[in-house]
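Student: Sequence order for the protein chains is P and L. Its first residue numbered 1, the first sequence is counted upward by one per residue in the UniProt record's numbering. Its first residue numbered 1, the second sequence is counted upward by one per residue in the UniProt record's numbering. Here a beta-carbon is modelled for each residue, glycine too, at the ideal position from N, C-alpha and C. My questions will all concern the structure given below.
There are 2 protein chains.
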Amino acid sequence: MSGVLDAFRGGEATARYADHARLARVGITTGECTSRGIDRLGASHILCEGGSMSTENRPTENVSTKNLSTQTAPARIIDGRAIADAALADLSVRTRQFRDEAGHVPCLAAVIVGADPASKAYVQMKAKRSVAVGMTSRTVELPVSTTTEELVGVLRALSADPSIDGILLQHPVPDHIDERAAFDAISADKDVDGVTSASFAAMALTGGGFESCTPSGILRLLDATGVELSGKHAVVVGRSPILGLPMGMLLLRRGATVTYCHSRTVDLAAHVASADVVIAAVGVPELIKGAWIKPGAVVIDAGYNEGNVGDVEYAAALPHAGAITPVPGGVGPMTVAVLLEQTLAAAVRAADVRACSENHDSRVEPDPAIASDRL
Amino acid sequence: MSGVLDAFRGGEATARYADHARLARVGITTGECTSRGIDRLGASHILCEGGSMSTENRPTENVSTKNLSTQTAPARIIDGRAIADAALADLSVRTRQFRDEAGHVPCLAAVIVGADPASKAYVQMKAKRSVAVGMTSRTVELPVSTTTEELVGVLRALSADPSIDGILLQHPVPDHIDERAAFDAISADKDVDGVTSASFAAMALTGGGFESCTPSGILRLLDATGVELSGKHAVVVGRSPILGLPMGMLLLRRGATVTYCHSRTVDLAAHVASADVVIAAVGVPELIKGAWIKPGAVVIDAGYNEGNVGDVEYAAALPHAGAITPVPGGVGPMTVAVLLEQTLAAAVRAADVRACSENHDSRVEPDPAIASDRL
Numbered sequence: 001m002s003g004v005l006d007a008f009r010g011g012e013a014t015a016r017y018a019d020h021a022r023l024a025r026v027g028i029t030t031g032e033c034t035s036r037g038i039d040r041l042g043a044s045h046i047l048c049e050g051g052s053m054s055t056e057n058r059p060t061e062n063v064s065t066k067n068l069s070t071q072t073a074p075a076r077i078i079d080g081r082a083i084a085d086a087a088l089a090d091l092s093v094r095t096r097q098f099r100d101e102a103g104h105v106p107c108l109a110a111v112i113v114g115a116d117p118a119s120k121a122y123v124q125m126k127a128k129r130s131v132a133v134g135m136t137s138r139t140v141e142l143p144v145s146t147t148t149e150e151l152v153g154v155l156r157a158l159s160a161d162p163s164i165d166g167i168l169l170q171h172p173v174p175d176h177i178d179e180r181a182a183f184d185a186i187s188a189d190k191d192v193d194g195v196t197s198a199s200f201a202a203m204a205l206t207g208g209g210f211e212s213c214t215p216s217g218i219l220r221l222l223d224a225t226g227v228e229l230s231g232k233h234a235v236v237v238g239r240s241p242i243l244g245l246p247m248g249m250l251l252l253r254r255g256a257t258v259t260y261c262h263s264r265t266v267d268l269a270a271h272v273a274s275a276d277v278v279i280a281a282v283g284v285p286e287l288i289k290g291a292w293i294k295p296g297a298v299v300i301d302a303g304y305n306e307g308n309v310g311d312v313e314y315a316a317a318l319p320h321a322g323a324i325t326p327v328p329g330g331v332g333p334m335t336v337a338v339l340l341e342q343t344l345a346a347a348v349r350a351a352d353v354r355a356c357s358e359n360h361d362s363r364v365e366p367d368p369a370i371a372s373d374r375l
Numbered sequence: 001m002s003g004v005l006d007a008f009r010g011g012e013a014t015a016r017y018a019d020h021a022r023l024a025r026v027g028i029t030t031g032e033c034t035s036r037g038i039d040r041l042g043a044s045h046i047l048c049e050g051g052s053m054s055t056e057n058r059p060t061e062n063v064s065t066k067n068l069s070t071q072t073a074p075a076r077i078i079d080g081r082a083i084a085d086a087a088l089a090d091l092s093v094r095t096r097q098f099r100d101e102a103g104h105v106p107c108l109a110a111v112i113v114g115a116d117p118a119s120k121a122y123v124q125m126k127a128k129r130s131v132a133v134g135m136t137s138r139t140v141e142l143p144v145s146t147t148t149e150e151l152v153g154v155l156r157a158l159s160a161d162p163s164i165d166g167i168l169l170q171h172p173v174p175d176h177i178d179e180r181a182a183f184d185a186i187s188a189d190k191d192v193d194g195v196t197s198a199s200f201a202a203m204a205l206t207g208g209g210f211e212s213c214t215p216s217g218i219l220r221l222l223d224a225t226g227v228e229l230s231g232k233h234a235v236v237v238g239r240s241p242i243l244g245l246p247m248g249m250l251l252l253r254r255g256a257t258v259t260y261c262h263s264r265t266v267d268l269a270a271h272v273a274s275a276d277v278v279i280a281a282v283g284v285p286e287l288i289k290g291a292w293i294k295p296g297a298v299v300i301d302a303g304y305n306e307g308n309v310g311d312v313e314y315a316a317a318l319p320h321a322g323a324i325t326p327v328p329g330g331v332g333p334m335t336v337a338v339l340l341e342q343t344l345a346a347a348v349r350a351a352d353v354r355a356c357s358e359n360h361d362s363r364v365e366p367d368p369a370i371a372s373d374r375l
């Protein structure tokens with residue numbers, strides 16, 4: 001089985017198993033997995049409707065996600081929805097093939113504490129997407145009165161449950177809960193949201209673990225623009241443990257010069273103005289002014305504030321940015337795609353471990369007849 | 001015992017137990033723990049001799065380490081030797097009191113792989129200093145042919161040995177060894193050098209664990225200059241897992257805006273020129289040119305290259321810097337002081353755990369007579 005499973009490992013697998021008809025429905029054509037991830041025209045050619053990019057008035061030219069990495073002219077709008085849809089289409093194919101080969105349906109468990117409507121909507125959306133790509137999902141809803149100890153207990157039980165491949169604890173949890181203790185109760189091999197201390201250290205020090213989903217998705221969006229990160233100056237605005245901090249570490253591992261700005265930063269405008277890549281991850285509506293953006297800079301807006309407003313003054317930034325993500329339809333869709341990709345990766349690893357364990361058992365278990373002879 | 005041990009916790013303890021005669025010998029006077037940590041005059045007044053700062057031609061004015069945090073005029077030379085000596089004097093007093101109270105002598109185990117003369121000299125110096133403050137030391141010398149698995153085994157055995165309080169694996173190890181795997185074999189509660197993944201994550205995410213010694217020592221030197229780090233722009237040149245990376249995380253937790261520069265950075269000069277605080281931690285002789293330093297910036301040189309040369313062009317930086325560490329006599333001594341402070345902290349925690357365990361045992365262990373009645 002191991003040889004077959006090799007085809008599914010990581011996010012680097014090509015879409016050679018792609019269902020082309022399905023891919024075409026999500027805006028992808030040609031024999032290889034290609035995508036209209038980025039529109040080469042200006043914002044006036046793109047309409048945002050219902051949270052995703054409309055395809056009206058778009059040119060018929062499609063840009064291969066492979067080719068994007070070598071294009072020289074910067075794209076204008078980074079269509080996160082299209083890039084994520086391409087990733088999900090590929091993931092769907094790989095998930096179904098894994099199910100056939102391994103006889104196991106990957107399962108994502110989502111834990112939510114309290115009844116915040118936005119959090120519940122996020123969890124429902126993630127569950128829906130996981131089912132759409134051929135996984136199962138389990139949602140554990142806990143009352144707002146749940147203690148840290150109770151939550152830790154739930155997360156440890158899910159970590160020990162062999163039917164669960166990935167675990168997501170919906171952020172934020174109520175204030176009385178020690179969120180770090182809860183995150184760290186998730187087994188590292190099921191930490192598909194990349195929130196544990198172990199995953200953070202791996203992102204910074206070695207690579208190879210599960211990555212924090214939003215930062216990891218942002219790297220994919222950056223790659224789609226074709227920007228070579230090595231040597232570029234990336235300014236990350238925000239230092240949260242699940243967004244800003246890991247974002248900077250991932251960019252640093254890719255060779256960028258990284259500046260962390262935050263609430264205590266003096267002259268944020270000057271820092272942003274010096275950036276080749278701006279990552280806004282602070283949750284303050286339009287904190288980053290359009291006029292600050294260096295001409296040609298790539299702007300990623302991970303903020304999502306009331307009224308579909310990001311952390312960047314979008315309209316004002318457009319004339320300056322070389323490429324920019326819209327809100328919504330930029331960072332959000334890619335976050336979910338990475339979450340599910342990592343859930344498949346976790347399932348593949350678990351299947352490998354089970355296979356190794358079975359092989360090992362069959363190899364070391366002596367034939368009963370021989371064993372009795374030796375006795 | 002717990003109440004008595006409270007006096008020893010952390011590095012925040014005041015020097016109220018200080019041996020004033022001893023403090024005076026290392027350049028410290030007054031009734032409280034005060035230090036001539038920083039000379040207010042220019043470099044011409046300081047002579048480097050034999051790896052430590054000479055006291056010749058110094059003014060008699062001594063600057064309290066407490067008062068330093070509020071002084072407004074920047075100091076010129078950050079005398080790491082004097083600041084470290086003050087810390088070691090305080091540590092010596094606390095260590096001896098801990099020994100009296102807990103009946104245990106803190107022990108630092110140093111592991112060295114191979115016969116690199118510089119590494120051996122470092123380990124010998126650390127062992128000597130640990131004995132000087134009243135601890136014991138154990139040095140484990142392993143042949144250069146040691147495998148990762150063998151080294152991991154040694155480190156796990158030391159982690160499980162109750163007579164050992166702190167463990168140091170001398171960096172670097174031979175190329176064939178997986179240094180990260182070796183570091184992570186050190187139990188987090190004995191990681192007094194702050195090199196494990198768990199310690200790194202704690203430095204970045206929560207605080208409270210053992211800190212990487214050199215970055216932690218650098219923070220102490222920065223505090224001694226009186227610079228308020230919150231809001232300042234700190235440029236860290238270097239991104240190594242045990243120096244540059246944790247340095248940036250610690251500065252970020254203190255509210256600095258942090259930029260990581262490294263070998264891929266384009267226009268290092270411009271980044272350094274924008275810094276209020278420069279940390280040179282890259283190991284390239286005089287990479288940072290004096291002319292780049294912003295007037296008044298605090299410059300910390302963690303480099304130590306052949307010929308007693310740092311990473312900063314020291315003489316050329318002096319006219320620009322508000323404060324600067326010499327090489328040697330700057331960062332190095334403070335690193336050792338932090339290592340030993342953390343070894344005492346580990347011993348205190350271990351004694352607390354033993355005390356709790358004993359109390360717990362005595363509470364739950366039934367009286368034999370009663371126990372037999374129940375049978």
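So V111 of chain L and T136 of chain L are in contact, right, with Cβ under 8 Å, and what is the actual spacing, rounded?
Tutor: Translated into positions along the second sequence, residue 111 of chain L becomes position 111. Translated into positions along the second sequence, residue 136 of chain L becomes position 136. Actually they are not in contact, since the Cβ atoms of V111 of chain L and T136 of chain L sit about 15 Å apart, beyond 8 Å.
Student: Assess, as a yes-or-no matter, whether the region 231 to 242 of chain P is touched by the region 235 to 249 of chain L under the definition of 3 or more beta carbon pairs within less than 8 Å.
Tutor: Taking 8 Å as the limit for Cβ pairs, the verdict is that the region 231 to 242 of chain P does not touch the region 235 to 249 of chain L.
Student: Where does the unbroken alpha helix (DSSP H) through Y304 of chain L begin, and where does it stop?
Tutor: As a position in the second sequence, residue 304 of chain L is number 304, starting the count at 1. Taken as a continuous stretch (DSSP letters only), Y304 of chain L belongs to no alpha helix (DSSP H), as it is neither H nor E.
Student: Classify A109 of chain L as helix, strand or coil using the three-state DSSP reduction.
Tutor: What you label residue 109 of chain L is simply residue 109 of the second sequence in a count that begins at 1. The answer is strand: DSSP assigns A109 of chain L an E or B state.
Student: Residues in the region 234 to 258 of chain P with C-beta within 7 Å of chain L's C-beta atoms, listed in sequence order?
Tutor: Here the close residues are R239, P241, L245, L252, G255, T257, V258.
Student: Please confirm if L222 of chain P has its CB atom under 8 Å from at least one CB of chain L.
Tutor: As a position in the first sequence, residue 222 of chain P is number 222, starting the count at 1. It does not; no Cβ of chain L falls within 8 Å.
Student: Going by beta carbon distance, what residues of the same chain come within less than 8 Å of S163 of chain L, once the five residues before and after it are set aside?
Tutor: Working through the second sequence from its first residue, we reach residue 163 of chain L at position 163. Counting only Cβ-Cβ distances below 8 Å, and skipping sequence neighbours, we find C107.
Student: Measuring only between beta-carbons, confirm whether A201 of chain P sits less than 8 Å from chain L.
Tutor: Looking up residue 201 of chain P in the first sequence gives position 201. Yes, A201 of chain P counts as interfacial toward chain L.
Student: Does the Cβ-Cβ distance between S199 of chain P and F210 of chain P come in under 8 Å?
Tutor: Your numbering for residue 199 of chain P matches position 199 in the first sequence. Your numbering for residue 210 of chain P matches position 210 in the first sequence. For S199 of chain P and F210 of chain P, yes; Cβs fall inside 8 Å.
Student: Would you mind stating whether L251 of chain L and T325 of chain L have Cβ atoms separated by less than 8 Å?
Tutor: Along the second sequence, one-based indexing puts residue 251 of chain L at 251. Along the second sequence, one-based indexing puts residue 325 of chain L at 325. It is not a contact, given that the beta carbons lie outside the stated cut-off.
Student: Assuming S240 of chain P and A256 of chain P make a contact with CB atoms under 8 Å, what is their CB distance in whole Å?
Tutor: Working through the first sequence from its first residue, we reach residue 240 of chain P at position 240. Working through the first sequence from its first residue, we reach residue 256 of chain P at position 256. Wrong, their Cβ atoms sit about 19 Å apart, outside the cutoff.
Student: So P318 of chain L is in the alpha helix (DSSP H); what residue range does that whole segment cover?
Tutor: Your numbering for residue 318 of chain L matches position 318 in the second sequence. In the sequence under discussion, the amino acid at residue 318 of chain L is Leu, which differs from the Pro named in the question. Taken as a continuous stretch (DSSP letters only), L318 of chain L belongs to no alpha helix (DSSP H), as it is neither H nor E.
Student: Pairs of beta-carbons, one from the region 171 to 185 of chain P and one from the region 176 to 189 of chain L, closer than 8 Å: are there three or more?
Tutor: Cβ pair count under 8 Å is below three, so no.
Student: Using the three-state DSSP reduction, which class does V331 of chain L fall into: helix, strand or coil?
Tutor: In the second sequence, residue 331 of chain L corresponds to position 331, counting from 1. Reduced to three states, the DSSP call for V331 of chain L is helix.
Student: Using a C-beta cutoff of 8 Å, does residue 376 of chain P count as contacting chain L?
Tutor: The requested residue 376 of chain P is not part of the displayed model; chain P covers only 1 to 375.
Student: Residues in the region 153 to 185 of chain L with C-beta within 8 Å of chain A's C-beta atoms, listed in sequence order?
Tutor: Of the protein chains in this structure, namely P and L, none is chain A.
Student: So is V299 of chain L in contact with chain P if we call contact Cβ pairs under 8 Å?
Tutor: Along the second sequence, one-based indexing puts residue 299 of chain L at 299. No, because no Cβ of chain P sits closer than 8 Å to the Cβ of V299 of chain L.
Student: Using a Cβ-Cβ cut-off of less than 9 Å, list which residues of the region 84 to 103 of chain P approach chain L; keep chain order.
Tutor: Those residues of the region 84 to 103 of chain P that come within reach of chain L (Cβ to Cβ, closer than 9 Å) do not exist; the list is empty.
Student: Is the separation between the beta-carbon of I177 of chain L and that of S212 of chain L shorter than 8 Å?
Tutor: Position 177 of the second sequence holds residue 177 of chain L. Position 212 of the second sequence holds residue 212 of chain L. Cβ atoms of I177 of chain L and S212 of chain L: not closer than 8 Å.
Student: Please report the straight-line C-alpha distance between V278 of chain P and I293 of chain P, rounded to a whole angstrom.
Tutor: As a position in the first sequence, residue 278 of chain P is number 278, starting the count at 1. As a position in the first sequence, residue 293 of chain P is number 293, starting the count at 1. Cα-Cα distance, rounded: 8 Å.
Student: I'd like to know whether the C-beta atoms of I78 of chain L and A323 of chain L end up nearer to each other than 8 Å.
Tutor: Within the second sequence, the letter at position 78 stands for residue 78 of chain L. Within the second sequence, the letter at position 323 stands for residue 323 of chain L. Going by C-beta atoms, I78 of chain L is nearer than 8 Å to A323 of chain L.
Student: Name the one or two DSSP bridge partners that G296 of chain P has.
Tutor: Along the first sequence, one-based indexing puts residue 296 of chain P at 296. Partner(s): none; G296 of chain P has no beta bridge.
Student: Give the DSSP bridge partners of G166 of chain L, in chain order.
Tutor: To locate residue 166 of chain L, count along the second sequence from 1; it is residue 166. L:L108.
Student: Roughly how many whole angstroms lie between the Cα atoms of G303 of chain L and V227 of chain L?
Tutor: Counted from its first residue, the second sequence places residue 303 of chain L at position 303. Counted from its first residue, the second sequence places residue 227 of chain L at position 227. Each residue's alpha carbon lies about 21 Å from the other.
Student: With a Cβ-Cβ cutoff of 8 Å, do P333 of chain L and G80 of chain L count as a contact?
Tutor: Looking up residue 333 of chain L in the second sequence gives position 333. Looking up residue 80 of chain L in the second sequence gives position 80. It is a contact, given that the beta carbons lie within the stated cut-off.
Student: For V140 of chain P, decide whether its Cβ has a neighbour in chain L, counting only Cβ atoms nearer than 8 Å.
Tutor: In the first sequence, the residue the question calls residue 140 of chain P occupies position 140. Answer no: the Cβ-Cβ gap between V140 of chain P and chain L never drops below 8 Å.
Student: Quick one: what's got a C-beta closer than 8 Å to A127 of chain L's C-beta in the same chain, skipping five residues either side?
Tutor: In the second sequence, residue 127 of chain L corresponds to position 127, counting from 1. Closer than 8 Å at Cβ, skipping near neighbours: L108, A110, S137, T139.
Student: Y122 of chain L versus chain P: which residues are under 8 Å apart at the beta carbon?
Tutor: Here residue 122 of chain L is taken as the residue at index 122 of the second sequence, counted from 1. The contacting residues do not exist; Y122 of chain L stays about 23 Å from chain P at best.
Student: Compare the beta carbon distance of V331 of chain L and G244 of chain L with 8 Å and say whether it is the shorter of the two.
Tutor: The residue labelled residue 331 of chain L in the question sits at position 331 within the second sequence. The residue labelled residue 244 of chain L in the question sits at position 244 within the second sequence. Going by C-beta atoms, V331 of chain L is not nearer than 8 Å to G244 of chain L.
Student: Does the distance from the C-beta atom of L344 of chain L to that of R94 of chain L stay below 8 Å?
Tutor: Taking the second sequence and counting its residues from 1, the one referred to as residue 344 of chain L is at position 344. Taking the second sequence and counting its residues from 1, the one referred to as residue 94 of chain L is at position 94. For L344 of chain L and R94 of chain L, yes; Cβs fall inside 8 Å.
Student: Taking 8 Å as the CB-CB limit, is R264 of chain P close to chain L?
Tutor: Residue mapping note: residue 264 of chain P aligns to position 264 of the first sequence, counting from 1. Yes, R264 of chain P counts as interfacial toward chain L.
Student: Under DSSP, the beta strand (DSSP E) around V154 of chain P begins and ends at which residues?
Tutor: What you label residue 154 of chain P is simply residue 154 of the first sequence in a count that begins at 1. From DSSP, V154 of chain P is part of no beta strand (DSSP E) but of the alpha helix (DSSP H) over 148 to 160.
Student: State the CB to CB distance for the pair V192 of chain P and Q342 of chain P, rounded to an integer number of angstroms; the pair is presumed to be in contact (CB under 8 Å).
Tutor: Position 192 of the first sequence, counting from 1, holds the residue named residue 192 of chain P. Position 342 of the first sequence, counting from 1, holds the residue named residue 342 of chain P. About 4 Å separates the two Cβ atoms, so the contact holds.
Student: How big is the Cα-Cα spacing for S274 of chain P and V258 of chain L?
Tutor: What you label residue 274 of chain P is simply residue 274 of the first sequence in a count that begins at 1. What you label residue 258 of chain L is simply residue 258 of the second sequence in a count that begins at 1. Computed Cα separation, rounded: 14 Å.
Student: Who are the neighbours of T343 of chain P on chain L, taking C-beta pairs under 8 Å?
Tutor: The count along the first sequence starts at 1 and reaches residue 343 of chain P at position 343. Chain L residues near T343 of chain P: none, gap ~23 Å exceeds 8 Å.
Student: Check E141 of chain P in the structure and name its three-state DSSP category.
Tutor: Counted from its first residue, the first sequence places residue 141 of chain P at position 141. Looking at E141 of chain P - three-state DSSP - the assignment turns out to be strand.
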